[in-house]
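Below is one structure, written out as structure tokens, with a few remarks after it.
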Amino acid sequence: MKHDTTSPPAEPPAKGFSPGFAALGLEAALLTTLDTLGYEEPTPIQREAIPPLLAGRDLLGQAATGTGKTAAFTLPLLQRIAHSARRCPSALVLVPTRELAMQVGEAVTRYGKELKISVLPVYGGQAMGLQLQALRRGVDVIVATPGRALDHIRRKTLQLKTIQMVVLDEADEMLDMGFAEDLDAILEQTPKDRQTALFSATMPARIAAIAKRHLKDPVEIRIAKEPLKAGAAPRVHQTAYIVARQHKEAALARILDVEAPKSALVFCRTRIEVDEITAMLTSRGHRAEAIHGGMNQPQRDRVMNSFRAGQTELLVATDVAARGLDIPSVSHVVNYDLPTSPEGYVHRIGRTGRAGREGSAITVIDPREQRLLWNIEQLTKAKIVVTPVPTVTDLRTKRLARIKGEIEEVLAAGDLDLFRAVAASLADQGDPLEVAAASMKLLFRMQGGERKESDIPAVSSRPPERPLMARRPMGDPRGRPGGMMPREGQGRPFTGPGRGGRTAGMAKVYIGAGKEAGIRPGDLVGAIANEAGLNSNVIGAVEVMDRFSLVEVPEVLAREIIETLSRTRIKGQKVAVRLFMEQPRGGGRAGG
Ligand code: AMP
5 MKHDTTSPPA
15 EPPAKGFSPG
25 FAALGLEAAL
35 LTTLDTLGYE
45 EPTPIQREAI
55 PPLLAGRDLL
65 GQAATGTGKT
75 AAFTLPLLQR
85 IAHSARRCPS
95 ALVLVPTREL
105 AMQVGEAVTR
115 YGKELKISVL
125 PVYGGQAMGL
135 QLQALRRGVD
145 VIVATPGRAL
155 DHIRRKTLQL
165 KTIQMVVLDE
175 ADEMLDMGFA
185 EDLDAILEQT
195 PKDRQTALFS
205 ATMPARIAAI
215 AKRHLKDPVE
225 IRIAKEPLKA
235 GAAPRVHQTA
245 YIVARQHKEA
255 ALARILDVEA
265 PKSALVFCRT
275 RIEVDEITAM
285 LTSRGHRAEA
295 IHGGMNQPQR
305 DRVMNSFRAG
315 QTELLVATDV
325 AARGLDIPSV
335 SHVVNYDLPT
345 SPEGYVHRIG
355 RTGRAGREGS
365 AITVIDPREQ
375 RLLWNIEQLT
385 KAKIVVTPVP
395 TVTDLRTKRL
405 ARIKGEIEEV
415 LAAGDLDLFR
425 AVAASLADQG
435 DPLEVAAASM
445 KLLFRMQGGE
455 RKESDIPAVS
465 SRPPERPLMA
475 RRPMGDPRGR
485 PGGMMPREGQ
495 GRPFTGPGRG
505 GRTAGMAKVY
515 IGAGKEAGIR
525 PGDLVGAIAN
535 EAGLNSNVIG
545 AVEVMDRFSL
555 VEVPEVLARE
565 IIETLSRTRI
575 KGQKVAVRLF
585 MEQPRGGGRA
595 GG
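FYI, in this note's numbering the residues of the sequence shown are 5 to 596.
Encoded structure:
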């Protein structure tokens, strides 16, 4: 069944807006916002998802983080609710984790700025009081984790009768965390004629089942991955650095300081980013210039001439700006953000390693975008080496080596008459070695070597997740895929090792609350994932008994998890948390 189209027709776009976004039917207020954000064109998932969502259709979309899927559902959601009754929640977005609830909440605020839409992120671990106050005042969009949403529904502090649109974001991960039944219970509270969109990075049978239950005649979107023609993928040394979002800029600076490329293209997603990154690199002494769609032809010509002449080392660009340019082969292509499709990546890195020369492709991503890397590896059949961000010591070593090389070149070239007399007079006053060292120190300082730098925290990389078929592959926290481990509450019988057994490399954590306290497996997985900042796929079997629960976690992380959980409230309560000691068979006491 199709839904009625209730959004008013989009106003004709004003001149200057991205024609790509305007063609999708978005209204002027949203186009203005996108323009302010510096988005130049829609990503593939946005191009496919926005028109049917604006038309009121249900949607089943396969898309990973980093493809622009948040805007793909948020923009139509905003347009559809903007003109209806306010502050009586009109839209509900369900997401697996607190981190994502905050991120999506921020995105809704950002995209809904012109439309003055209010949004409330609702997640576990946050004080109930604040959420209750905000709910009482009224909001337009709620972005919630399933556990906390259900708590509010049961307390009757969240009422979903006015919901027009529901989005299930990262549905596979929500099922993975044991939220299947919670999702059913929440959706039951929303009106039957609501619009529903489901996004998932993978499309296993369990997702198909939930889609069948809750979506009506959905438009299905899969961004097709065209296999590349043999030889189409360039032979380029590919490296990726995985850092938390807040350290990305510092990481980029560090990597470029170490690499010091003579000619590089640095790709960003938006015009704003291009300008910010150019300013940051220039302030660090790099010869960087920006090029993007907001510049006129004479400005672009000047930048390109300077780059071709080798006066500019780093050309910072959006895809759109780079597309029309005749750019000579560069030594490095740097992706400050991954492009939104693997094909886009191949296109970008094709700018280096041409005509048999060596090329380097460098990518900086945040941990949630790793899936895009794997998609690219699959498409290009080439390895992308994940490498730690250089440390302050690495940078210093590299700088000194570079200075040494530069001095050797100058020595070889000779022509030092002008300096020899000064050097001789300095050497007369002391040790010639000291004089040489002092000269190097000066060079080091001039190249930014004495700037205060700090190390950038490492992030553990996640294992590639296989499609979620009947069971979820479980990886160890450092990235190697492990064995298969089912978890209770995932809509199938629990068949894990049970209280009697233990999986190698895993420890059991005892939590002093169970079914009687209203604990569900998802609450525990959610609390561990959120509070200890771990990916849910490192957590093994979860057993919820009447009065206590047992959770399998990697041995190496057990202490950290116990400490974190001891400080956390689970379902609003402080609970005892400790290592669970296996009792000899027949010994019934739980807890260590
Ligand atoms: P997501 O896949 O939703 O997590 O989005 C990944 C990133 O891409 C976010 O930082 C967005 O701000 C950015 N983004 C989304 N759509 C576009 C677009 N059309 N142009 C440029 N950046 C975008």
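We put the beta carbon where it would ideally sit given N, CA and C, even for glycine.
Counting only unbroken stretches of 3 or more residues, the beta strand (DSSP E) elements lying wholly within the stretch 220 to 282 are 223 to 226, 241 to 246, 268 to 271, in sequence order. Secondary structure note for Lys408: its alpha helix (DSSP H) is the uninterrupted segment 396 to 417.
Beyond the five residues adjoining it in sequence on each side, Pro150 comes within less than 7 Å, by CB distance, of Leu98, Met178, Phe183, Asp186, Leu187, Ile190, Gly526 in the same chain, given in chain order.
Membership of Gln315 in any beta strand (DSSP E) is not indicated, and neither H nor E is assigned to it by DSSP.
The three-state secondary structure of Arg582, taken from DSSP, is strand.
Assigned with DSSP and collapsed to three states, Leu64 falls in strand. Looking at the DSSP output, Phe203 bridges to Gly65. In the structure shown, Leu437 adopts helical secondary structure according to DSSP, grouped into three states. Cβ neighbours of Lys216 within its own chain (closer than 7 Å, five residues either side excluded): none. DSSP places Asn539 in no alpha helix (DSSP H); its state is neither H nor E. Under DSSP, Pro343 forms no beta bridge with any residue. DSSP places Leu420 outside both helix and strand once states are collapsed to three, so it counts as coil. Per DSSP, reduced to three states, the secondary structure at Pro93 is coil, with no helix or strand assignment. Between Ile121 and Leu82, the alpha-carbon positions lie close to 8 Å from each other. For the pair Gly576 and Leu28, the Cα-to-Cα distance works out to about 44 Å.
Taken through DSSP and simplified to helix, strand or coil, Ser335 comes out as coil. The alpha carbon of Val546 has as its nearest neighbour, out of Gly537, Glu535, Pro558, the alpha carbon of Pro558. In this structure Asn309 is exposed. Its beta-carbon is surrounded by fewer than 16 other beta-carbon atoms within 10 angstroms. Secondary structure note for Leu528: its alpha helix (DSSP H) is the uninterrupted segment 525 to 535. Between Ile566 and Arg582, the CB-CB gap stays under 8 Å.
By the CB criterion at 8 Å, Ile369 and Leu377 fall inside the cutoff. Here Pro208 is not bridged, per DSSP, to any residue.
If you look at Leu58, you'll find it in the alpha helix (DSSP H) that goes 48 to 58. Check the Cα spacing between Gln66 and each of Arg304, Lys512, Ala205, Pro394: the tightest is with Ala205. In the structure shown, the three-state DSSP call for Tyr349 is helix. By a beta-carbon distance limit of 8 Å, Gly298 contacts Arg275. Their separation comes to about 5 Å.
Secondary structure at Arg573: strand, using DSSP grouped into helix, strand and coil.
Its Cα nearest to that of Pro343, the residue Glu45 stands out among Leu318, Glu45, Ile214. Residue range 102 to 115 is occupied by the alpha helix (DSSP H) that includes Tyr115, with no beta strand (DSSP E) assigned at that position.
Of all C-beta pairs linking the stretch 306 to 320 to the stretch 347 to 363, fewer than three are shorter than 8 Å, placing the two stretches out of contact.
Secondary structure of Lys512 (DSSP, three-state): strand. Taking Ala405 as reference, the option from Glu263, Met106, Ile225 with the minimal CA-CA separation is Glu263.
The beta carbons of Val334 and Thr356 sit about 5 Å from each other, so the pair counts as a contact at 8 Å. Around Ala153, the same chain offers Leu98, Val126, Leu162, Ile190 as residues with beta carbons nearer than 7 Å, after the five sequence neighbours per side are excluded. Here Ile295 is bridged, per DSSP, to Ala321.
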